[in-house]
Amino acid sequence: MKVLIIGGGGREHCLAWKISKSPILDKIYAIPGNAGISEIAECIDINISRNNFGEIIKFAKSKRIDLTVVGPEAPLVDGIVDCFDKEGLKIFGPDKKAATIEGSKVFTREFMQRNSIPIPPGIIFEKTDYKEAVDYIKKRRKYPLVIKADGLAAGKGVVIAESEEQAIEAVDDCFIKNRFGISGSKVIVEDFLNGYEVSVLCLCDGKKIIPMAPAQDYKRIFDNDRGKNTGGMGSYSPVPLVDDVIYRQIVNDIILPTYNSMLGENIIYKGVLYAGIMISDGKPYLLEYNCRFGDPETQVIIPRLKDDLLPLLLECSEGNLQRQELAWDENKCVCVVAASRGYPESSSSGDVITGLDDFRNNEEVLIFHAGTKIVNGKVVTNGGRVLGVVSKALTFREAREKVYSAIEKINFSGIQYRRDIALKAEGSE
Ligand code: GLY
Numbered sequence: 003m004k005v006l007i008i009g010g011g012g013r014e015h016c017l018a019w020k021i022s023k024s025p026i027l028d029k030i031y032a033i034p035g036n037a038g039i040s041e042i043a044e045c046i047d048i049n050i051s052r053n054n055f056g057e058i059i060k061f062a063k064s065k066r067i068d069l070t071v072v073g074p075e076a077p078l079v080d081g082i083v084d085c086f087d088k089e090g091l092k093i094f095g096p097d098k099k100a101a102t103i104e105g106s107k108v109f110t111r112e113f114m115q116r117n118s119i120p121i122p123p124g125i126i127f128e129k130t131d132y133k134e135a136v137d138y139i140k141k142r143r144k145y146p147l148v149i150k151a152d153g154l155a156a157g158k159g160v161v162i163a164e165s166e167e168q169a170i171e172a173v174d175d176c177f178i179k180n181r182f183g184i185s186g187s188k189v190i191v192e193d194f195l196n197g198y199e200v201s202v203l204c205l206c207d208g209k210k211i212i213p214m215a216p217a218q219d220y221k222r223i224f225d226n227d228r229g230k231n232t233g234g235m236g237s238y239s240p241v242p243l244v245d246d247v248i249y250r251q252i253v254n255d256i257i258l259p260t261y262n263s264m265l266g267e268n269i270i271y272k273g274v275l276y277a278g279i280m281i282s283d284g285k286p287y288l289l290e291y292n293c294r295f296g297d298p299e300t301q302v303i304i305p306r307l308k309d310d311l312l313p314l315l316l317e318c319s320e321g322n323l324q325r326q327e328l329a330w331d332e333n334k335c336v337c338v339v340a341a342s343r344g345y346p347e348s349s350s351s352g353d354v355i356t357g358l359d360d361f362r363n364n365e366e367v368l369i370f371h372a373g374t375k376i377v378n379g380k381v382v383t384n385g386g387r388v389l390g391v392v393s394k395a396l397t398f399r400e401a402r403e404k405v406y407s408a409i410e411k412i413n414f415s416g417i418q419y420r421r422d423i424a425l426k427a428e429g430s431e
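Per this note's numbering, residue 3 is the first one in the sequence shown, and the count goes up by one each step.
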């Protein structure tokens with residue numbers, strides 16, 4: 003089979019790595035890919051923005067691609083799957099209507115409310131309600147308070163406000179400064195729930211849904227969950243706090259009711275449905291849905307998947323998932339993200355990355371590239387999140403030791419990474 007992967011982050015490198023092991027694979031292409039992906043795939047520099055889907059389709063036809071796998075949310079929300087479907091080309095991911103589950107937080111909130119799926123209490127405000135939104139915030143005494151822009155905002159649309167001032171500033175960013183354009187034309191002001199977060203990604207074929215092993219993501223830039231939100235600075239799987247009872251609650255109280263209600267509303271969801279869950283006082287609440295694989299959750303879930311991923315993705319796209327459940331490696335998996343100077347406010351590029359050669363063809367420590375490219379034969383930084391260093395072991399302690407001793411051998415100017423990834427999981431051993 004010939005596979006085309008769309009995207010160029012750590013998630014896409016991990017998917018390409020796993021797909022490259024499939025006995026039914028002939029060749030992988032990636033648009034645009036990155037330096038790491040280029041070791042296992044032919045990378046093609048085509049813009050993946052919405053007005054360029056025609057070029058991607060032209061490429062897929064010219065190479066007789068059997069399956070296209072979409073990594074990031076933006077092309078899905080913009081309807082790339084609908085465009086491929088129209089041409090009779092196989093593609094893994096939800097169509098535009100189904101991807102609204104990530105494309106509009108207001109849509110998702112209203113959907114969960116009418117289908118009685120547990121979410122944190124909150125209120126939706128439109129731009130014309132600016133004064134009401136500010137008055138509502140001023141009456142609030144309890145912080146933090148969560149302010150969410152409705153649409154996609156490159157990971158910057160959710161603010162955990164610690165004070166009235168920060169909450170109003172977040173609303174101003176949407177309604178007054180138009181920082182997120184149309185994505186900020188509606189805002190949700192939501193109660194902050196105390197607890198712990200877990201990500202459960204599910205494979206869906208339009209009729210059937212198979213939840214995967216849970217993972218935990220570290221969103222803040224600094225140790226002990228301090229500093230700004232990022233795309234994700236590390237992850238681990240499985241999650242010891244999520245025992246069988248909690249996992250069943252997540253699946254039975256949130257994921258299955260969502261999937262069945264979608265079917266009831268004629269939303270045929272294919273691809274990955276990613277549930278961002280908060281466990282508060284022992285009960286799961288839905289914080290958000292994403293319409294794609296998580297990053298960096300994929301980098302710790304997929305290395306634990308024993309099954310061949312490629313037939314699973316193909317079956318999902320064909321609406322014909324054969325399996326009832328998936329087989330998981332019992333080992334613990336940890337991913338630490340190395341980011342570039344200035345991240346997440348900014349990022350730097352062009353810094354030479356050293357120390358990668360020791361890990362080539364090394365299955366003990368996997369290096370998934372994100373913001374990297376090759377310049378004059380050297381691998382250099384090219385964005386905020388640069389690399390994900392991943393390892394599996396019998397215990398979290400061992401997996402952490404392997405990851406952290408590997409990351410110390412890698413360097414680039416301005417490298418920053420958290421030292422506490424999976425520390426709490428290690429503490430529970
Ligand atoms: N790790 C968070 C996300 O993929 O959205």
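Built from N, CA and C at the ideal position, the CB exists for glycine as well.
Let me check understanding here. Comparing Cα to Cα, which of K380, T110 and V338 lies closest to S351? Locating residue 351 in the sequence shown gives position 349, counting from the first residue. That would be K380, whose Cα lies nearest to the Cα of S351.
Can you tell me the Cα-Cα spacing of Y406 and V338, whole angstroms? As a working note, residue 406 is residue 404 in the sequence shown. As a working note, residue 338 is residue 336 in the sequence shown. For Y406 and V338, the distance between alpha carbons rounds to 8 Å.
Return the CA-CA distance between L396 and A408, expressed in angstroms with no decimal places. Here the question's residue 396 lines up with position 394 in the sequence shown. Here the question's residue 408 lines up with position 406 in the sequence shown. So the two alpha carbons sit approximately 17 Å from each other.
Sequence-distant residues of the same chain with beta carbon closer than 7 Å to R181, five excluded per side: Against the sequence shown, residue 181 aligns to sequence position 179. Same-chain partners within the cutoff: D175.
CA-to-CA distance, V253 to D246, given in whole angstroms: Translated into positions along the sequence shown, residue 246 becomes position 244. Translated into positions along the sequence shown, residue 253 becomes position 251. Going by the C-alpha atoms only, they are around 10 Å apart.
In chain order, what residues of the same chain have a beta carbon less than 6 Å from the beta carbon of L275, not counting five sequence neighbours either side? To locate residue 275, count along the sequence shown from 1; it is residue 273. Here the set comprises C204 and C206.
For S24 versus D331, is the C-beta distance shorter than 7 Å? Position 22 of the sequence shown, counted from the first residue, corresponds to residue 24. Position 329 of the sequence shown, counted from the first residue, corresponds to residue 331. No, they are not a contact pair.
Same chain only: Cβ atoms within 6 Å of F295, ignoring 5 sequence neighbours per side: The count along the sequence shown starts at 1 and reaches residue 295 at position 293. Excluding residues within five positions, the ones whose Cβ falls inside 6 Å are R13 and V274.
Does the ligand GLY have even one heavy atom less than 6 Å from the beta-carbon of P292? On the sequence shown, position 290 is the one that residue 292 refers to. Reading off the sequence, residue 292 comes out as Asn, not Pro. Because some heavy atom of the ligand GLY lies under 6 Å away, the Cβ of N292 counts as near it: yes.
Looking at the secondary structure, which residues open and close the beta strand (DSSP E) in which P77 lies? Here residue 77 is taken as the residue at index 75 of the sequence shown, counted from 1. Unbroken run through P77 is the alpha helix (DSSP H), E75 to V79; no beta strand (DSSP E).
G237 - containing beta strand (DSSP E), residue span: Counted from its first residue, the sequence shown places residue 237 at position 235. Checking the sequence, you will find Ser at residue 237 rather than Gly. Taken as a continuous stretch (DSSP letters only), the beta strand (DSSP E) holding S237 covers G236 to S239.
For the ligand GLY, which residues have a Cβ under 5 Å from at least one heavy atom, in chain order? D219, G234, G296 and D297
In the DSSP output, what is W330 paired with across the bridge? Counted from its first residue, the sequence shown places residue 330 at position 328. In DSSP, W330 forms a bridge with L307.
Over what stretch of residues does the alpha helix (DSSP H) that includes N262 continue unbroken? Locating residue 262 in the sequence shown gives position 260, counting from the first residue. Start and end: L258 to G266.
Which of the three DSSP states is assigned to Y132 in this structure? What you label residue 132 is simply residue 130 of the sequence shown in a count that begins at 1. Three-state result, Y132: helix.
Looking only at its chain, what residues have a beta carbon closer than 8 Å to the beta carbon of I48, apart from the 5 residues adjacent to it on each side? If you number the sequence shown from 1, residue 48 lands on position 46. Result list for I48: I33, P34, N54, E57, I58 and F61, in chain order.
On the three-state DSSP scale, how would you describe Q115? Residue mapping note: residue 115 aligns to position 113 of the sequence shown, counting from 1. Q115: helix per DSSP, three-state reduction.
As assigned by DSSP and simplified to three states, the class of K285: The residue you call residue 285 lines up with position 283 of the sequence shown. In this structure, K285 counts as strand in the three-state DSSP scheme.
Where in the segment 331-395 do unbroken runs of the beta strand (DSSP E), each at least 3 residues long, occur, reported from the N-terminal end onward? 334-341, 351-354, 367-371, 374-377, 380-384 and 387-395
Round the Cβ separation of L17 and T300 to the nearest angstrom and send it over; I've been treating them as touching at under 8 Å. The residue you call residue 17 lines up with position 15 of the sequence shown. The residue you call residue 300 lines up with position 298 of the sequence shown. Indeed, because the Cβ distance is near 7 Å, the residues count as touching under 8 Å.
In the structure shown, what three-state DSSP assignment does Y138 receive? Residue mapping note: residue 138 aligns to position 136 of the sequence shown, counting from 1. Helix.
Assign N75 to buried or exposed, taking buried as 16 or more other Cβ atoms, counted over all protein chains shown, within 10 Å of its Cβ. For the purposes of this step, residue 75 is taken as the residue at position 73 of the sequence shown. The sequence as given places Glu at residue 75; Asn does not occur at that position. Classification for E75: buried.
What is the DSSP secondary structure of F70, counted as helix, strand or coil? Against the sequence shown, residue 70 aligns to sequence position 68. The question names Phe, but residue 70 is Thr in the sequence shown. Strand.
To the nearest whole angstrom, what separates the beta carbons of F370 and G10, a pair I think is in contact under 8 Å? Counting from 1 along the sequence shown, the entry for residue 370 is found at position 368. Counting from 1 along the sequence shown, the entry for residue 10 is found at position 8. Actually they are not in contact, since the Cβ atoms of F370 and G10 sit about 12 Å apart, beyond 8 Å.
How do the segment 164-172 and the segment 212-231 stand: do at least 3 beta-carbon pairs fall below 8 Å, yes or no? no
Which same chain residues, not among the five before or five after I21, have their C-beta less than 7 Å away from its C-beta? The residue given as residue 21 occupies position 19 in the sequence shown. Here the set comprises V5, L27, I30, L311 and L312.
Under the three-state reduction of DSSP, which class applies to E290: helix, strand or coil? What you label residue 290 is simply residue 288 of the sequence shown in a count that begins at 1. In the structure shown, E290 sits in a strand (DSSP, three-state: E or B).
Would you identify the three-state DSSP class for I412, choosing helix, strand or coil? As a position in the sequence shown, residue 412 is number 410, starting the count at 1. Looking at I412 - three-state DSSP - the assignment turns out to be coil, as it is neither helix nor strand.
S201, DSSP secondary structure in three states: Position 199 of the sequence shown, counted from the start, is the residue given in the question as residue 201. Strand, per DSSP.
So, does the segment 277-294 touch the segment 71-90, judging by three or more C-beta pairs under 8 Å? yes
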